[in-house]
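Participant: Mind looking over this structure? Questions follow.
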């Protein structure tokens with residue numbers, strides 16, 4: 024009975040091709056819009072997340088320096104900024120590294136230097152740090168070795184090149200063992216880092232690292248003002264940040280003199296912003312699906328009126344109120360269901376086309392697709408209910424009198 | 037002979053412009069099983085209203101109507117549907133076939149609502165079509181059939197459920213006299229096969245095909261007589 028009803032409803036719908044296609048178009052556009060917009064939203068969220076995660080999801084950055092945005096800083100904005108806090112000592116960095124929940128710490132001094140090989144030179148980012156740097160930031164070695172504790176202790180003139188710098192200076196040759204000048208001073212190349220996927224705006228491979236002690240000598244640095252740390256377990260990052268803050272507060276005496284930021288906190292903020300945006304896009308697209316449902320209702324009402332006589336005939340030969348209700352409900356469900364299926368296909372295709380055109384990534388999620396299709400069916404059911412009820416409740420004698 | 041339909045003082049009034057207009061006034065008659073009855077009257081006499089009440093498409097305002105042992109005058113729409121499904125076969129003046137269904141599907145329609153299997157639906161519908169001489173036209177849509185053929189499809193639909201009573205409302209009204217004659221021959225054949233037939237018509241000549249003629253005028257029976265065999 025159900026199978027026959029569905030089959031016959033397909034035929035009834037197909038007998039009005041133009042009308043059917045136009046009615047379905049509302050549902051198709053609605054479902055496709057939901058799927059495509061949510062896919063693009065998810066895709067951009069995923070790419071932002073993966074970019075940040077590639078920096079190391081366990082990363083915590085501690086900075087020493089006057090922070091006007093820290094709690095309690097507002098009162099001092101009118102007066103001149105206070106003198107900067109003292110930089111951290113090596114033993115304080117070690118103390119931070121041995122904080123509960125922290126697996127590694129690396130002081131980071133950042134600047135720009137001119138690297139040279141023979142006559143060719145390159146202006147590059149240069150970090151002064153220690154051996155923990157690569158593991159904290161998630162870099163792997165392509166060749167050679169990374170900085171050793173001895174390199175730091177002795178302030179050796181050694182340099183590890185990012186893959187971008189290595190390629191710029193040496194092309195396809197292996198630079199390990201060669202000499203690179205840093206602002207004119209010769210450095211021994213001890214290693215080359217493997218490439219990392221490029222992140223928003225900057226290439227994470229166009230840089231070089233040297234021991235921070237050597238960096239101090241070359242640049243006459245003001246000392247350690249920034250430390251990258253790695254949390255042992257990213258689930259406890261918030262607690263870890265608190266313990267680090269306690270230590271820094273003990274040393275520096277003011278909450279305005281340091282900041283401790285966890286990568287994962289930025290990540291969760293960004294992903295919640297993204298989730299909201301995606302939901303918003305999906306919500307806006309759902310409105311068009313509801314409009315499509317109103318289209319179904321409109322056409323079903325017309326259909327019920329046009330087929331008043333058919334309803335009378337069916338009732339005369341024994342169709343019950345429920346039979347007629349089922350027939351018209353199935354018709355609107357078939358309209359919505361077929362429209363929904365085409366919409367799913369269109370939405371998936373559309374999100375890939377747009378993703379390619381905008382060089383963005385699209386992530387079509389199966390639950391979202393199922394939800395959009397289910398929503399289309401629900402729309403068909405809800406908006407089919409009134410026309411179907413109208414058909415079902417017709418008095419057979421009155422329905423048969425209509426021409 | 038057993039009584040299949042017993043009407044006792046059946047009246048029907050329609051509300052119109054604030055007052056009740058009587059369409060039927062205290063109609064009483066009995067149809068015996070196997071009878072071929074013609075109900076005759078001019079337009080506006082109330083014969084279509086009578087047909088609707090006989091066919092359980094409508095209920096009387098007052099009076100009693102017993103169909104095949106069931107008092108139907110006070111049934112709910114749900115129970116009336118059940119009665120229509122099992123007790124009555126309809127033939128209408130304008131055929132009333134469903135245009136999107138082919139001949140055999142139209143004939144099978146009452147069986148769909150009896151929840152028969154599709155195989156059985158098809159088998160019985162095909163047999164009924166064969167009985168009315170349209171075996172070769174099973175897959176034709178109504179618009180591919182002549183008026184006479186459409187009416188024969190409708191007759192097949194009325195008899196496919198083996199309903200105890202077949203109601204025909206002006207079955208020849210939209211047909212030329214030649215085709216009308218063929219359709220009436222078919223009714224006569226069904227009658228000989230034992231079907232109970234009630235046919236409504238305004239045409240004296242058509243009415244004489246029945247064994248008995250009930251004449252109504254202004255909602256009242258004015259004559260009820262056996263037709264003398266010609």
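Residue numbers (the working numbering), protein chains in the order written: chain S, 24 to 426; chain R, 37 to 266.
Ideal Cβ placement from N, Cα and C applies to all residues, glycine included.
Quick check: what's the CA-CA separation for residue 164 (chain R) versus residue 225 (chain R)?
Facilitator: 13 Å
Participant: Can you tell which of S:189, S:178, S:191, S:262 has its C-alpha closest to the C-alpha of residue 235 (chain S)?
Facilitator: S:178
Participant: Is it a yes or a no for the segment 63-74 of chain S touching the segment 376-386 of chain S, going by three-plus beta-carbon pairs under 8 Å?
Facilitator: yes
Participant: Beta-carbon within less than 7 Å of residue 36 (chain S)'s beta-carbon, same chain only, minus the 5 sequence neighbours each way: which residues are those?
Facilitator: 43, 354, 357, 358
Participant: Could you say which of R:93, R:65, R:55 lies nearest to residue 334 (chain S) if we only look at CA atoms?
Facilitator: Comparing Cα-Cα distances from residue 334 (chain S) to each of R:93, R:65, R:55, the minimum goes to R:93.
Participant: Using a Cβ cut-off of 8 Å, pull out every chain S residue sitting near residue 149 (chain R), in sequence order please.
Facilitator: 337, 340, 341, 342, 343, 346
Participant: Under three-state DSSP, which class holds residue 251 (chain R)?
Facilitator: strand
Participant: Report the neighbours of residue 146 (chain R) on chain S: residues whose CB is nearer than 7 Å to its CB, in chain order.
Facilitator: 340, 341
Participant: Is the segment 123-134 of chain R touching the segment 199-214 of chain R in the sense that three or more CB pairs, one from each, lie closer than 8 Å?
Facilitator: As far as the Cβ criterion goes, the segment 199-214 of chain R touches the segment 123-134 of chain R, which means the pair count is three or higher.
Participant: Is there contact between the segment 48-64 of chain S and the segment 297-305 of chain S, where contact requires at least three CB pairs shorter than 8 Å?
Facilitator: yes
Participant: Do residue 312 (chain S) and residue 376 (chain S) have their CB atoms nearer than 8 Å?
Facilitator: In this structure, residue 376 (chain S) does not lie closer than 8 Å to residue 312 (chain S) by Cβ.
Participant: With 8 Å as the threshold, decide whether the Cβ of residue 303 (chain S) is near any Cβ in chain R.
Facilitator: no
Participant: For the alpha helix (DSSP H) containing residue 168 (chain S), list its first residue and its last residue.
Facilitator: Looking at the DSSP string, residue 168 (chain S) is not in any alpha helix (DSSP H), and its letter there is neither H nor E.
Participant: For residue 43 (chain R), does the count of other Cβ atoms within 10 angstroms reach 16, so buried, or fall short, so exposed?
Facilitator: buried
Participant: Would you mind working out which of R:48, R:77, R:54 sits nearest residue 252 (chain R), comparing C-alpha positions?
Facilitator: Ranking the options by Cα distance to residue 252 (chain R), first place goes to R:77.
Participant: Check whether chain R comes within 8 Å of residue 390 (chain S), counting only Cβ atoms and requiring the distance to be less than that.
Facilitator: no
Participant: If you run the structure through DSSP and keep just helix, strand and coil, what is residue 56 (chain R)?
Facilitator: strand
Participant: Residues of the segment 220-249 of chain R in Cβ contact with chain B at a cutoff of 7 Å, in chain order, please.
Facilitator: This model lacks chain B altogether, as its protein chains are S and R.
Participant: By the 7 Å beta-carbon criterion, what residues does the segment 119-131 of chain R contribute toward chain S?
Facilitator: 120, 121, 126
Participant: Using the beta-carbon count (16 or more within 10 Å), is residue 137 (chain S) buried or exposed?
Facilitator: exposed
Participant: Going residue by residue through the segment 161-201 of chain R, where are the continuous beta strand (DSSP E) segments of at least 3 residues, counting only ones entirely within it?
Facilitator: none
Participant: Quick check for students: name the residue ranges of the beta strand (DSSP E) that lie wholly in the segment 281-351 of chain S, counting only runs of 3 or more.
Facilitator: 281-285
Participant: So, does the segment 108-117 of chain R touch the segment 126-142 of chain R, judging by three or more C-beta pairs under 8 Å?
Facilitator: Segments in contact, no.
Participant: Are there 16 or more other CB atoms within 10 angstroms of the CB of residue 24 (chain R), so buried, or fewer, so exposed?
Facilitator: Absent from the structure is residue 24 (chain R), since the part of chain R shown begins at 37 and ends at 266.
Participant: Chain R beta carbons: is any one of them nearer than 8 Å to that of residue 419 (chain S)?
Facilitator: yes
Participant: Is the segment 284-294 of chain S touching the segment 321-336 of chain S, taking contact as three or more C-beta pairs under 8 Å?
Facilitator: no
Participant: Can you pull the chain S neighbours of residue 154 (chain R), defined as C-beta to C-beta under 7 Å?
Facilitator: Near residue 154 (chain R) (Cβ distances below 7 Å), the residues of chain S are 27.
Participant: In terms of residue numbering, what span does the alpha helix (DSSP H) encompassing residue 30 (chain S) cover?
Facilitator: 25-37
Participant: Determine the DSSP secondary structure at residue 251 (chain S), reduced to helix, strand or coil.
Facilitator: Correct three-state label for residue 251 (chain S): strand.
Participant: How should residue 261 (chain S) be labelled, buried or exposed, when 16 other C-beta atoms within 10 angstroms of its C-beta is the threshold for buried?
Facilitator: exposed
Participant: Give me the chain S residues within the contact set of residue 91 (chain R), using Cβ-Cβ distance strictly less than 8 Å, ordered along the chain.
Facilitator: Neighbours of residue 91 (chain R) on chain S, chain order: 339.
Participant: When the Cα atoms are used, what is the spatial distance from residue 209 (chain S) to residue 190 (chain S)?
Facilitator: 19 Å
Participant: Between which residues of its own chain and residue 309 (chain S) is the CB-CB distance below 7 Å, once the five residues before and five after are set aside?
Facilitator: 57, 398
Participant: State yes or no: is the C-beta of residue 40 (chain R) within less than 8 Å of the C-beta of residue 73 (chain R)?
Facilitator: In this structure, residue 40 (chain R) sits away from residue 73 (chain R), with a CB-CB distance that is not shorter than 8 Å.
Participant: Examine chain S for any beta-carbon lying closer than 8 Å to the beta-carbon of residue 134 (chain R), and answer yes or no.
Facilitator: yes
Participant: Determine the chain S residues that contact residue 217 (chain R) at a beta-carbon separation under 8 Å, and present them in chain order.
Facilitator: Within 8 Å Cβ-Cβ: nothing; residue 217 (chain R) doesn't reach chain S, min ~26 Å.
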